[in-house]
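>
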Amino acid sequence: MTRLCSLDATCFRNIDMAIGLLFSQPISKKDYVCRIPLYLTRGMVRSRVRLVRKLILNENELKCIESTHSVIAELITNIGHMSHVGYKPSDPLLRAYFDKQGHLNNVPECFRVTISNGFADLSFNPEKAIILSLMTLIQLPDYTVDYEALNALLEWSQCRANASSSADGDLSVNVKPVHGIVPKWRIRLSQIPQDDWVGLVVRPNHLPDGDPGMFSVSAVCSETALSNVPRTLASKLNEARSPEGASQVTYFDYYTIKYQQMKSISSSINLSLPLFKCMRITRHQNSAQVNAGLRKNKLSVNPSIFLSDACLVHPLSSWIWFQVSLIPVILYQMSRALLASQLCTELNLELKNPQPFSQIRINSLNISYDSLSDITVLIPDRLSVSVFVSGERMEQNIFDFEVDEATSEKDKELDNKAYNESVKESKICPHPNNLIEPTTLLGARDAVDLERLEFYGDSFLHFVATLSVYGTSAHDADEGYLSSKRGSLVSNAHLCDIACDLKWYEYCTGKIFNPPEHFLPPCYTVASEVRKHDPRLYTRLSDKSLADMVEAIIGCFLLRLGLPAAFNLLHYFQICPVNWNTLTNDKHFDVGAPWHLLLQPNLYSEQNVLNSSNRSLYISLPETIHGLNKKFSHLQQKLGYYFKRIELLAEAMTHQSSPNKQFWGNYQRLEFLGDSILGHIVSNYLFRKCPSLPPGKLTAARSAIVSNNNLANTVVEHEIYPFIDFGTCSAKACIDEILNIHHQTELYCERIELLTKKVSSGLNIKVLADVFESILGAVFVDTNGNHQIIQTIVNRFLGKSMHTVIINLPVQPLQQLNSPYPNTRYKDSAIVSSNLDDSNSVSDAVWTSSKRLCATESVRDETHLRFAEDFDRLLNDKENRGNPNYKHGWQIEQESAEGVYGIDGDDNRYEISHNSSEDESFEDIPLVCMICRKDYKDPVVTICKHYFYSDCALKEYKMTARCYACTTDTKGFFKFAKNLLSRIAVLREKKKKHSDSCESDQEADHNSCLQSPVRSKEETNSENSCLNESIETGCTSLNKIHLPQSSEANWAKPEAPEYYDSDEESD
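Letter by letter, the sequence shown follows residues 745 to 1811 of my numbering.
What follows is the structure, encoded as C-alpha cells:
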C-alpha cells in the first residue's frame, strides 16, 4: 500500500485502526456487499465492503459517534485545509480560512488566498440525506469502536474551535498521540515525543501559499539544524545570498535563506533538535478514475529533509489519513453497486408480471429486508475488463498485477464464490455485475462504459421496431411512412421518455467523480438556498445520454440472456406488440426462424392473388410464377437461395417507377425491412468478431459496410443490376461509372474511394443500394425470419468487404486530420462565388501554426476531402522530408497489393532518380518529346527514366499505363523533370560546339581529306555518356505526381493530376 502511494513502508503505523461505516439497517442480505477498485498514485488496489459486526449503542456512545462523524466529515470535505494543521490569523501564510470569516481586512489582496469551504454549505439532516451512515474509528481485529481515539479527535476539534494552542507559547509542552490521533491543535512536531514522529502527517512552514500539500514522516535523522547541507543543496543558493564568511551552509541557513517565510519563526526554532525525513502524501482525488495511477516514473521516491521545529502537525496519522481520503470514493463506488443490485431486483419484479410502465412508479418500492439484494457485486476494474480511453486500449500497469498476489486466500475464496454466482444462468434480468456497464456513460471515465453495448442494442432495437412496423402497416405503405412510424419508436426523445418514466436516471453514472465537487458526507444534505443545480445532488444528463443507456441495457439483455429476454424487455417498453411467449405459441414458430407472427401472411395464393382495390393481373398465376422463376433463376443461383414465393423477389427487384409494380408492388417496403436486417446482422458480426475494437471504430466499420457506396459496388461487382426493373429510372450512367472504376483498379479500398469521389460530385447510387437491401428483406420474409440464411447471403456478398474494413478501418478526412493535429482551428464552411463561372463552390479554411490554408470545391464533402489531402501532404513534406523510414500512402497501398508490405527490401523502388555512375546512352535523354517530337513543355519523367511532355504523358496514360518508350508499367507515377530543360540547353550547347569544331577541322584538313571524318558508333556513345554524366551531376530531387493506377487499356477518364512543388519552384 505504501509503495502504491509513493511512500516509505515506515509511513504507515497504527495499522490496527480503521474507518468503519455504521448503518441503522442492513444494506444487503449478503455479508460481503461489494468489491471496489481504488486507483492510487502508482497502481490499483481492491477494497471490500463487508458486514463485520452488529453493535448496540447507548445514548452517550451514539452521541460521541455522531459528534466524531461531523469532525471526520469536515476533515474529508475540506481535506488539505490549512486550518487542520493550525494556521490562524496571526500567521503570515494562508489566511484564506480566516479571510473567509472577514478577519484581517487590512491584509493586502495580493497576499490573500481563497480556498473554498465546502462544509459550510452542509447541514446534518439524516432524514433527507442520500446515504444514512455514520463514520467512526474502529479497533482491529475485534472491530470495536475506539472511543479513546474518538475522544482525542473531539478534543482536537474543541481546541481548534477555541483557537487554543501551545505552539506560540510554552514549546516544552509535550503532546502524546492517542492511537494515531493528535489531540491538540496547532502543535509543532518538536512538541511530540520523537518515538511517535514516524507516521504523522505534517506541513512545513516554508511551503508556498498555494500549495496545500501534506507530508508523511518516514524517519528521524541523526543530523540537526546545525548540520551542513550536501553540496548539491548548497549550490542551489545564490552566492550573494549565502552567509558572509561561511564556508559551509547549515540546514537552518539553507531554509531561512531560501524561504522568506521562515524568518518569522526563525527565532523560536530549536537548533539542537534532529531533522526528519518525510514524503508528500496524496489526497487521492482521482482514485475513482480508471486512468489514474499509470505514471511511468521511477519506482522509488527520495524523501525530503525538514526542520522538526518548523512543521505543524495534522490530527490524523498517515494510515488514518490514507483511509479517510478514500472514503468518498468508497462510498461512491458502494452506491453504484447497491444501485445496480436495486435495478436488478426491480427488473426481476417487473418483468415477471409485466405491466405498462406508465402505470407504475419504479423506485417507489418500500425498502424492506425482503427487497434487499442477496448478491455480491464485483465492480469491474482495469484488470477484469479491457479498458478503452479515447478510443484506444489502455496500457496495463505493472503494479496492478500484484493485486492478486497481495490478496488473502479468504478474500480470493469470497471473490470466486461471488463470480460463480454472477455467471449462473438467468432468464429474466442480467446480474448486477453486468448492469454496471450499461448504466455508466463514457464521461464517467470508468473501467466500463455503455458505448459497445449501446452499439449492440441499437441495432437490435431498430430491427425489432422495424418488424413491428412492418407487420402492422398496410402492404402499400411507402418507405417514408414506415420510417416515420419506426422513428417514433426508436428516437432519442422516446427512449428518453422511457428512462424518465422508469426513473432510470437515478441509476446512471454520467460524470467523473471528483470528491471536492461531488462528495456529500453521509447524514448530511445541502442547505436549501444552494440546492439548485448543486453538483453534489444533481448530474446533468442529456436526452441522448438516457437514450443511449436504454439501448445499452437492451444490448446487455441480448448479450447476457439471449434473444427471448431482450425481446420481452422491448415488449415491456411497448415497442413490440407481443411478448416472446406469444411468438412461441404460434403454430408456425421455429427456433431458427421465430418471426413468422410479426410478418404479414402470404399475399400471393391461388384464392387471393392480389388486392383488387389497387392491383390488376392480366395473366394467369401459374404462368406468372413460371415466368418469374425463369427470369430470376440465375439471380437465385447467385444468392444461393431459391424462393418459395418468387413474387417476393420480383417485388424486391422492381423500382417504384416501373409499370410492373401493379402486379407485385415495388421494393420500398422490403428495402425498409432489409435495411434493419442488414444493420443487425453486421452489428452482431462486428460485436462478436472484434471484442477488443473500440466503440467508435465499431460504428465506423458498420457505417462503411452498410453504406450505399459499398452496397452499390457489390450490386455491380456481382452483376445483380441486370435483373433490376428500373422503370423510368435510368441508372445506366451510375452503372457505367462503377464499371469504369472496376476497370481502373481491382483493390476494394481504391474502388470505394473513387466511388466516394464520384458520389460527392453528384452521382446517385441509392437505387442500387436499396435493391440489395430489398433482396435481403425478401429472403427474410420468405424464410419467416431465418437469420442463418441471411447471414450466409451477407457473407457471400459482403464477406470480403467486411474483412477488409476490419483490417483497414475507414477514417474520415477531417478526422484523420484532427488525430495528429488536435489543436487545429477550423472556420465554418461557406458557399462562395466562383471566379471562373457563375456556379457556387464550397470553401473551407483552417489555421495551424499561424498559417491559413484553404480549399474550394464544388460540393462540401469534396472540399473536406481535398482540404485534408492538401493539408496532410503539406505537413508530410515539411516533417518527413529526409526521413528514410517514411513511406507515403500510395507506397503502402502498392506494397500491400504486391504482398511485400512490411518485408525488408528496396525502399527506393518507387523513387524516380538518376545515378551519376550509371552509363546512359545519348538516346536516353532525347532533345524532344518522344511522343509528339516537339520541344518539351513542363517535362515529366517516369519510373523507367523516360522523358515526355506532360500533356503527352497524360494523353498516353488515358489509353494505357505502360511507358510509350519501353512499355514498362508506370504505375501512374510521374515526376516533374525540373532540370531537364537546362540540361538539354547544356547538351545542345556542347553539341553546337562539337559541330563547330568539326567544321573547323574539316576546313583545316580540306586539302588533305576527300570527305569529312566519320566517327565510329562507339566513340559517339562514349561522348554522349560523358555528356550525360556531367548533366546528371547537377540534377536535383524531382517532385511526384500521383495518378490512379490502371492495368487495362479501356479506362474512365482520370482526373487531372495536381502539380505541386515541395522545395523549389518548377522550371
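A virtual CB, placed ideally from N, CA and C, is assigned to each residue, including glycine.
Closer than 8 Å by C-beta to residue 750: which residues in its own chain qualify, once you throw out the five before and the five after it? Chain order, please.
By one-based count along the sequence shown, residue 750 stands at place 6. Excluding residues within five positions, the ones whose Cβ falls inside 8 Å are 785, 786, 1023, 1024, 1026, 1045.
> Among 1535, 790, 997, which residue has its Cα nearest to the Cα of residue 1149?
On the sequence shown, residue 1149 is found 405 positions in, with the first residue counted as 1. Ranking the options by Cα distance to residue 1149, first place goes to 790.
> Between residue 1750 and residue 1731, what straight-line distance do the alpha-carbon atoms span, to the nearest angstrom?
By one-based count along the sequence shown, residue 1750 stands at place 1006. By one-based count along the sequence shown, residue 1731 stands at place 987. At residue 1750, the pLDDT of 43 sits below 50, so the modelled position is not reliable; the number obtained from the coordinates is stated separately. About 28 Å.
> In this structure, what does DSSP give as the bridge partners for residue 972?
Here residue 972 refers to the residue found at position 228 when the sequence shown is read from its first residue. According to DSSP, which records beta bridges pairwise, residue 972 is partnered with 994.
> Classify residue 1497 as helix, strand or coil using the three-state DSSP reduction.
Numbered from its first residue, the sequence shown carries residue 1497 at position 753. It is helical.
> What does residue 723 pair with, by DSSP beta-bridge criteria?
What is shown of the chain runs 745 to 1811, which leaves residue 723 out entirely.
> Quick check on residue 1142: buried or exposed, where buried means 16 or more other Cβ atoms within 10 Å of its Cβ?
As a first step, residue 1142 is located in the sequence shown; it is residue number 398 there, counting from the start. Label assigned to residue 1142: exposed.
> Skipping 5 residues on each side, what residues in its chain have a beta carbon closer than 7 Å to that of residue 968?
Looking up residue 968 in the sequence shown gives position 224. Excluding residues within five positions, the ones whose Cβ falls inside 7 Å are 1015, 1016, 1017, 1018, 1019.
> With distances taken from CA atoms, which of 1212, 1372, 1263 is nearest residue 1315?
Position 571 of the sequence shown holds residue 1315. Selected option, being the one with the closest Cα: 1212.
> Can you confirm whether residue 1139, when its beta carbon is compared against all beta carbons of chain B, has any partner nearer than 8 Å?
As a matter of chain content, chain B is missing from the structure shown, which is built from one protein chain.
> Run through the DSSP bridge pairs and tell me what residue 1055 is partnered with.
Counted from its first residue, the sequence shown places residue 1055 at position 311. 948, per the DSSP bridge assignment.
> Could you check whether residue 761 and residue 813 sit closer than 8 Å to each other, using their CB atoms as the reference points?
Locating residue 813 in the sequence shown gives position 69, where the first residue counts as 1. Locating residue 761 in the sequence shown gives position 17, where the first residue counts as 1. Contact flag unset, no.
> Can you look up residue 875 in the DSSP assignment and give me helix, strand or coil?
For the purposes of this step, residue 875 is taken as the residue at position 131 of the sequence shown. Note: residue 875 maps to coil in three-state DSSP.
> Hey, how far is the Cα of residue 1289 from the Cα of residue 1252?
Within the sequence shown, numbered from 1, the residue matching residue 1289 stands at position 545. Within the sequence shown, numbered from 1, the residue matching residue 1252 stands at position 508. Approximately 9 Å, taken between the alpha carbons.
> How would you write the range of the alpha helix (DSSP H) that residue 1478 sits in, first residue to last?
As a working note, residue 1478 is residue 734 in the sequence shown. First-last of the alpha helix (DSSP H) with residue 1478: 1476-1488.
> In chain order, what residues of the same chain have a beta carbon less than 7 Å from the beta carbon of residue 1037, not counting five sequence neighbours either side?
Locating residue 1037 in the sequence shown gives position 293, where the first residue counts as 1. Within the same chain, residue 1037 has close Cβ partners 783, 784, 785, 786, 787, 788, 1141.
> Buried or exposed for residue 1282, please, with buried defined as at least 16 other CB atoms from any protein chain shown within 10 angstroms of its CB.
Here residue 1282 refers to the residue found at position 538 of the sequence shown. That one is exposed.
> Below 7 Å CB to CB, which residues in the same chain sit around residue 1287 once its five sequence neighbours on both sides are set aside?
Here residue 1287 corresponds to residue number 543 of the sequence shown, with the count starting at 1. Cβ within range, chain order: 1236, 1237, 1240.
> With distance defined between alpha-carbon atoms, name the residue in 1075, 1049, 816 nearest to residue 875.
On the sequence shown, position 131 is the one that residue 875 refers to. If we check each option's Cα against that of residue 875, 1075 comes out closest.
> Helix, strand or coil for residue 1009, going by three-state DSSP, please let me know.
By one-based count along the sequence shown, residue 1009 stands at place 265. Correct three-state label for residue 1009: coil.
> Is DSSP giving residue 1067 helix, strand or coil here?
As a first step, residue 1067 is located in the sequence shown; it is residue number 323 there, counting from the start. Residue 1067: helix per DSSP, three-state reduction.
> Between 1004, 963, 1229, which has its C-alpha nearest residue 949's C-alpha?
Taking the sequence shown and counting its residues from 1, the one referred to as residue 949 is at position 205. Cα-wise, what sits closest to residue 949 is 1004.
> In the DSSP assignment, the beta strand (DSSP E) including residue 781 goes from what residue to what residue?
Mapped onto the sequence shown, residue 781 falls at position 37. It spans 776-783 - the beta strand (DSSP E) in which residue 781 sits, taken as one unbroken run.
> In this structure, how does DSSP classify residue 1149 when only helix, strand and coil are distinguished?
Position 405 of the sequence shown, counted from the first residue, corresponds to residue 1149. Looking at residue 1149 - three-state DSSP - the assignment turns out to be helix.
> Looking at C-beta atoms only, is the number of pairs between the stretch 1075-1085 and the stretch 1043-1063 that lie closer than 8 Å three or more?
In short, these stretches do not touch, since the Cβ pair count stays below three.
> For the alpha helix (DSSP H) that residue 807 lies in, which residues bound it at each end?
Here residue 807 refers to the residue found at position 63 of the sequence shown. Counting along the chain, the alpha helix (DSSP H) containing residue 807 begins and ends at 803-821.
> Please state whether DSSP places residue 904 in a helix, a strand or coil.
Along the sequence shown, one-based indexing puts residue 904 at 160. In the structure shown, residue 904 sits in a helix (DSSP, three-state: H, G or I).
> Sort 1219, 1247, 1293, 1090 by Cα distance to residue 1186 and report the nearest one.
Position 442 of the sequence shown, counted from the start, is the residue given in the question as residue 1186. For residue 1186, the nearest C-alpha among the options comes from 1293.
> With 16 other CB atoms within 10 Å as the buried threshold, where does residue 1415 fall?
Here residue 1415 corresponds to residue number 671 of the sequence shown, with the count starting at 1. By the 10 Å Cβ count, residue 1415 comes out buried.
> Under 6 Å Cβ to Cβ from residue 1297, same chain only, skipping five residues before and after it: list those, please.
One-based indexing of the sequence shown puts residue 1297 at position 553. Residues of the same chain with a CB within less than 6 Å of the CB of residue 1297, apart from the 5 flanking positions on each side, are 1182 in chain order.
> Verify whether the separation of the beta carbon atoms of residue 1054 and residue 1123 is less than 8 Å.
Within the sequence shown, numbered from 1, the residue matching residue 1054 stands at position 310. Within the sequence shown, numbered from 1, the residue matching residue 1123 stands at position 379. No; because the gap between Cβ atoms is not below 8 Å, this pair is not in contact.
> How is residue 1123 classed by DSSP in three states: helix, strand or coil?
In the sequence shown, counting from the first residue as 1, residue 1123 sits at position 379. If DSSP states are grouped into helix, strand and coil, residue 1123 belongs with coil.
> Please report how far the alpha carbon of residue 1031 lies from the alpha carbon of residue 1217, in whole angstroms.
Walking along the sequence shown from the start, residue 1031 turns up at place 287. Walking along the sequence shown from the start, residue 1217 turns up at place 473. Going by the C-alpha atoms only, they are around 53 Å apart.
> What are the uninterrupted segments assigned as alpha helix (DSSP H) that are 4 or more residues long and contained completely in the stretch 1250-1304, given in chain order?
1259-1262, 1287-1304
> Tell me the residue span of the alpha helix (DSSP H) that contains residue 1439.
Position 695 of the sequence shown, counted from the start, is the residue given in the question as residue 1439. 1439-1449 is the span of the alpha helix (DSSP H), which, as asked, contains residue 1439.
> Out of 1422, 1410, 1463, state which residue places its alpha-carbon closest to the alpha-carbon of residue 1381.
Taking the first residue of the sequence shown as 1, we reach residue 1381 at position 637. Cα-wise, what sits closest to residue 1381 is 1463.
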